[in-house]
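The next block holds one structure in the form of structure tokens; read it before the comments.
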Amino acid sequence: MFATSAVIGLLPNVAGASSHREAPLILNDPAVDNTDVYAFSSPENEDNVTLIANFRPFQEPLQGPNFHPWAEDAEYLINIDNNGDAVADLIYRWRFTTEDLRGLDTFLYNNGPVTSLDDENLLYRQFFTLDVSTDGGATYGEPISQGQAAPSYVGPASMGSARDYVDNLRQPAIADVGGGGMTLVTQTEDPFFLDIRVFDLIYGADLSERGNDTLAGHNVNSIALEVPKSAVAINNDAAANPVIGVWSTATRPTLRDADGTAAEGSEGFTQVSRLGQPLVNEVVVPAGLKDAFNSIPPSADAEAADGAVVARVLAPEVPRLIEQIYGIPAPPTPRWDIYEVFLTGIVSTEVLDVDGDPATQNPIDIDLNSQALNADAADFQPSEMLRLNMSITGPTSPDGKPLKKASPLGVIGGDIQGFPNGRRLADDVVDIELLALEGIFDVRNVPADRLEAFRALKQGDKVPRNDAEFGRNFPYLAPPETDASNVPDSNKQYTTWPGRGDKDHGAAVASSGGTGAGWDALPVATGTLAALLMGAGGVSLLRSRSVTARAAVGAKS
């Protein structure tokens with residue numbers, strides 16, 4: 002068992018949190034603070050999968066003179082569990098070294114315009130090494146990629162426009178990966194969009210505090226990786242084993258001196274940050290468990306703090322808070338529908354309760370994104386991570402038919418390529434999770450007892466898209482914001498950049514997270530998606546199989 006106090010006692014130097022400053026200890030170590038994780042099929046090559054992990058939140062674009070370096074003594078990791086046992090089968094690790102040419106001569110990041118990665122005017126440079134572990138991090142092989150990180154954006158006099166930054170500094174920093182694929186380490190505009198006033202008693206206690214993208218104008222540090230799907234699938238067979246689980250972590254030396262560097266005699270690294278699905282630790286896990294949650298692996302989730310994490314998933318706080326503020330009755334507990342979304346992935350078989358009996362709630366009657374669906378899956382262990390079915394290569398309806406446009410509401414908007422099946426850049430995860438917590442999993446076929454909640458909350462935070470357009474090509478992220486975050490939008494240097502500004506974003510951008518259309522006008526009909534889901538005995542994009550993991554889910558939870 003992992004009691005919270007015991008975990009923190011064993012890890013005195015843990016920064017232990019992820020997302021945008023959402024757990025107490027991370028406030029003192031933003032360089033290793035996970036903000037978001039994305040996983041989606043590449044819109045350029047359907048045989049590849051794209052993974053993105055972002056760190057160091059709330060970067061003001063012009064925060065000189067030191068800007069936003071990667072930590073040299075940290076490990077930045079993207080973890081893959083492909084067989085469902087909640088243990089990482091692959092760990093991609095990025096480590097950094099620094100070449101600082103400033104010395105005693107100058108305080109400047111650059112002493113003239115910078116037009117290339119090797120420009121002599123660029124005085125602060127960082128380099129990465131990427132290697133992979135196949136034994137849970139015990140050992141790592143030879144590097145599969147090495148290169149230079151794109152620098153922080155200093156300003157137009159130093160690095161030109163956003164377009165100049167992309168052409169001269171970001172694109173040249175893309176490095177090949179051994180075995181196929183590519184990786185990029187760069188500063189980027191923060192792709193997460195939401196109104197953080199959700200934490201002011203859910204939008205001001207009267208829904209008045211909505212419509213402001215709190216993260217607009219800010220940047221983050223980003224690691225992007227695109228590799229063949231076969232590289233991350235069990236037995237390198239992505240056809241038979243298309244579902245993977247993804248989460249990012251960061252580690253620090255177990256013992257550190259006051260200056261943050263490894264102490265003499267320190268051995269090994271300690272996990273200080275973890276992130277899988279967005280907002281789970283932020284709005285599901287209570288404050289007293291946040292630091293502990295981020296210091297343990299997914300394999301410990303079910304037992305952590307005597308089952309407190311699972312208990313909170315089964316009885317989430319947000320619906321109770323909405324009931325208290327707005328008088329909208331919360332869905333009955335235990336919430337096995339939310340348990341399936343967050344801890345097991347979605348399958349069409351029955352959800353079993355802790356006693357092994359069938360539970361009454363199954364959010365969506367479809368085989369979608371549980372590793373238990375893989376042909377070569379291991380004994381299943383419920384755990385929190387982002388789960389992606391890599392066989393879905395474009396916006397897709399629940400009956401398996403291609404869609405012309407992605408839905409920003411993902412699965413509950415009728416597009417099963419989107420969140421919580423992985424996460425695309427433009428998936429409106431705040432609204433998706435808010436509706437799911439209210440028991441709404443199909444916005445076109447809302448149950449009668451949830452109509453009141455849907456009508457009140459259907460516009461969510463009124464931030465349906467990112468403030469900057471995403472790109473059509475790897476890494477698909479927008480370039481860094483180039484103006485101070487407090488400059489009015491009308492005065493900003495750019496709102497779109499060449500190649501990003503088309504009104505018709507197309508399948509490529511949509512499937513990688515293009516902004517898509519607003520969704521508040523979607524009709525509340527009956528039977529539309531229900532007919533699709535129930536036709537021919539239910540949809541199965543993967544082969545139907547008896548998921549014995551469901552018994553394990555009940556037993557282990």
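Each number in my numbering corresponds to the 1-based position in the sequence shown with 1 added. Idealized CB from N, CA, C, for every residue including glycine.
- Residue 111 and residue 161 have their alpha carbons spaced roughly 13 Å apart.
- Remark: C-beta atoms of residue 422 and residue 389 approach each other more closely than 9 Å.
- By the neighbour-count criterion, in which 16 or more other beta carbons inside 10 Å mark a residue as buried, residue 192 falls on the buried side.
- Taken in chain order, the unbroken stretches of alpha helix (DSSP H) that lie wholly in the segment 81 to 163 and span 4 residues or more are 157 to 160.
- With a threshold of 16 other beta carbon atoms within 10 Å, residue 333 falls short and is exposed.
- With respect to residue 136, residue 145 sits apart: the two C-beta atoms are not nearer than 9 Å.
- Within a 10 Å sphere around the beta-carbon of residue 276 sit 16 or more other beta-carbons, which makes this residue buried.
- Taking the C-beta atoms as reference points, residue 158 is found no nearer than 9 Å to residue 185.
- Setting aside the 5 residues that flank it on each side, residue 179 is surrounded in the same chain by 145 and 146, each with a C-beta closer than 7 Å to its C-beta; the list follows chain order.
- Collapsing the DSSP output to three states places residue 206 in coil.
- In the three-state reduction of the DSSP assignment, residue 327 falls in the helix class.
- Boundaries of the beta strand (DSSP E) around residue 389: 387 to 390.
- Going by beta carbons, residue 62 and residue 166 fall outside the 9 Å limit.
- Going by DSSP, residue 339 is part of the alpha helix (DSSP H) stretching over 337 to 340.
- By the C-beta density criterion, residue 368 is buried, having at least 16 other C-beta atoms within 10 angstroms.
- With 16 or more other Cβ atoms from the protein chains shown falling within 10 Å of its own Cβ, residue 385 counts as buried.
- The beta carbon of residue 108 lies closer than 6 Å to those of 66 in the same chain, with the five residues before and after it left out.
- Between residue 475 and the set 249, 52, 36 and 35, the nearest pair of CA atoms involves 52.
- Per DSSP, residue 225 is not a residue of any alpha helix (DSSP H); the beta strand (DSSP E) it occupies stretches across 220 to 229.
- In the DSSP assignment, residue 333 forms no beta bridge with any residue.
- Judged by DSSP in its simplified three-state form, residue 368 adopts strand.
- Taking 8 Å as the upper bound for CB-CB distance, residue 64 and residue 481 are not in contact here, some 12 Å apart.
- Apart from sequence neighbours up to five positions away, the residues of its chain that approach residue 212 with a beta-carbon distance below 6 Å are 463, ordered along the chain.
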